[in-house]
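See below for the structure under consideration.
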Amino acid sequence: MVQVTLLGSGATRPLPHRALAALWLQVGGRGLLFDCGEGTQVSAQRFGASLYKLDTLLLTHYHGDHLFGLPGLLQSMAALGRTEPVTVAGPPGLDGVLDAVLTLAGPLPFALCRHTFGDCRGSLALPSGAVVTAFPARHRVPCCSYLYTLPRAGRFDPDKAKALGIPVALWRSLQAGQPAGGFTPDQVLGPARRGLRLLYATDTEPTAELAELARGADLLCMDATYADDADAPKARLYGHATCAEAGALAAEAGVRRLWLTHYSAAVTDPEAGLAAARRQFPAAEAGFDGKTLTLTFDDSRKDTP
Ligand SMILES: [Zn+2]
Ligand SMILES: [Zn+2]
87 MVQVTLLGSG ATRPLPHRAL AALWLQVGGR GLLFDCGEGT QVSAQRFGAS LYKLDTLLLT
147 HYHGDHLFGL PGLLQSMAAL GRTEPVTVAG PPGLDGVLDA VLTLAGPLPF ALCRHTFGDC
207 RGSLALPSGA VVTAFPARHR VPCCSYLYTL PRAGRFDPDK AKALGIPVAL WRSLQAGQPA
267 GGFTPDQVLG PARRGLRLLY ATDTEPTAEL AELARGADLL CMDATYADDA DAPKARLYGH
327 ATCAEAGALA AEAGVRRLWL THYSAAVTDP EAGLAAARRQ FPAAEAGFDG KTLTLTFDDS
387 RKDTP
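Mapping of the sequence shown onto my numbering: residues 87 to 391, in sequence order.
Below, the structure written as structure tokens:
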């Protein structure tokens with residue numbers, strides 16, 4: 087189960103009730119943050135995201151609206167007594183950015199483990215058991231879109247466990263995918279089941295690769311900088327999408343849910359482009375700061391794991 091909270095749904099500059107880009111994911115006691123725009127730590131407190139649980143921070147790119155919250159957030163984590171390491175990952179250029187951030191934040195009582203996605207591609211295994219895959223967005227600067235996958239083990243077979251003489255006390259560990267008492271999970275688990283898939287794609291134009299990787303995803307949280315279809319030329323110029331384009335991509339990919347986000351500061355109502363998105367994808371939802379959702383495993387879906 088993954089708890090998803092949109093901490094910031096704005097672009098370029100914050101508005102009184104709209105912080106800049108940030109999306110929080112929590113699995114058990116593990117927290118993950120996509121982007122860290124100005125105001126992220128305030129939104130985290132406001133919407134109940136415990137920064138103490140943050141172990142991975144994934145930056146899409148190095149425009150200020152996605153990272154100016156970083157020095158303050160790291161400093162606050164230090165003040166909260168954080169000592170566990172934090173992994174920070176992003177496209178090429180990460181070292182220079184983090185050096186500058188650390189100059190501002192000062193020495194930290196925890197390690198920052200850096201991971202650069204060369205060519206905006208690569209995968210990162212997370213402590214929660216999830217895997218994040220980076221792939222290139224189409225923006226004005228190198229920018230990663232991210233596919234987050236939480237795998238799900240196969241179904242536990244108690245008859246097999248009994249036949250193998252495995253003590254009941256070990257079943258829970260094996261069920262959770264952990265070897266126990268000399269037995270391995272593959273002895274008692276069926277084939278892997280469909281896990282959870284979420285895409286975080288901003289700032290980007292719609293791309294064929296994004297549509298392909300988003301196929302059947304549980305949630306697509308996508309760039310919808312412009313509400314008006316007439317702004318499509320501007321979206322091409324600056325490497326963004328309109329609400330209608332986000333809807334069209336969601337429909338093409340057959341995603342389960344679409345959250346619009348990264349609204350231009352000129353779009354003061356988050357629902358301004360919702361009708362345009364829904365003409366393409368009726369289930370589209372307008373993102374807003376604090377919007378939250380619990381993604382749970384779903385046995386009724388038979389599509390690929
Ligand atoms: Zn942006
Ligand atoms: Zn940008």
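Each residue gets a CB set at the ideal place from its N, CA and C atoms; glycine is no exception.
In this text, all values refer to a predicted model and were calculated from it rather than measured experimentally.
Could you check which residue in L160, F196 and A197 has the C-alpha nearest to that of V187?
L160
Residue(s) in a DSSP beta bridge with G176:
T202
Please classify V227 as buried or exposed, where buried requires at least 16 neighbouring CB atoms within 10 angstroms.
exposed
Runs of beta strand (DSSP E) lying entirely within the segment 110–173, each at least 3 residues, in chain order:
116–120 and 140–144
Can you give me the C-alpha to C-alpha distance between A239 and L101, rounded to a whole angstrom?
43 Å
Assess, as a yes-or-no matter, whether the segment 333–347 is touched by the segment 291–302 under the definition of 3 or more beta carbon pairs within less than 8 Å.
yes
Can you tell me where the beta strand (DSSP E) with E371 in it begins and where it stops?
A370 to A372
Considering only residues of the segment 242–300, which uninterrupted alpha helix (DSSP H) runs meet the minimum length of 4 residues and lie entirely inside it, listed in chain order?
244–249, 257–261 and 294–299
Per DSSP, what kind of secondary structure is P391 in: helix, strand or coil?
With a pLDDT of 38 at P391, under the threshold of 50, the modelled position of that residue is not reliable, and no figure is offered here.
For L93: DSSP bridge partner residues:
L93 pairs with nothing; no bridge assigned.
Cutting at 6 Å between CB atoms, please list the residues of its own chain near T219, excluding the five before and the five after it.
S209 and L233
For T390, is the classification buried or exposed, using 16 other Cβ atoms within 10 angstroms of its Cβ as the cut-off for buried?
A caution first: T390 carries a pLDDT of 43, below 50, which makes its placement in the model unreliable, though a value can still be read off. Exposed, by the Cβ-count rule.
Ordered along the chain, which non-local residues of its own chain (more than five positions away) have a Cβ less than 8 Å from that of A321?
E291, T311, Y312, A327, T328 and E331
Expressed to the nearest angstrom, what Euclidean distance is found between the alpha-carbon atoms of G359 and A372?
8 Å
Distance between G268 and Q261 (C-alpha atoms, nearest Å)
14 Å
Can you tell me which residues fall inside 6 Å of ligand 1, judged by beta-carbon distance to its nearest heavy atom, and keep chain order?
A97, A107, H149, D151, H152, D289 and H348
Where the alpha helix (DSSP H) containing L323 begins and where it ends:
A318 to Y324
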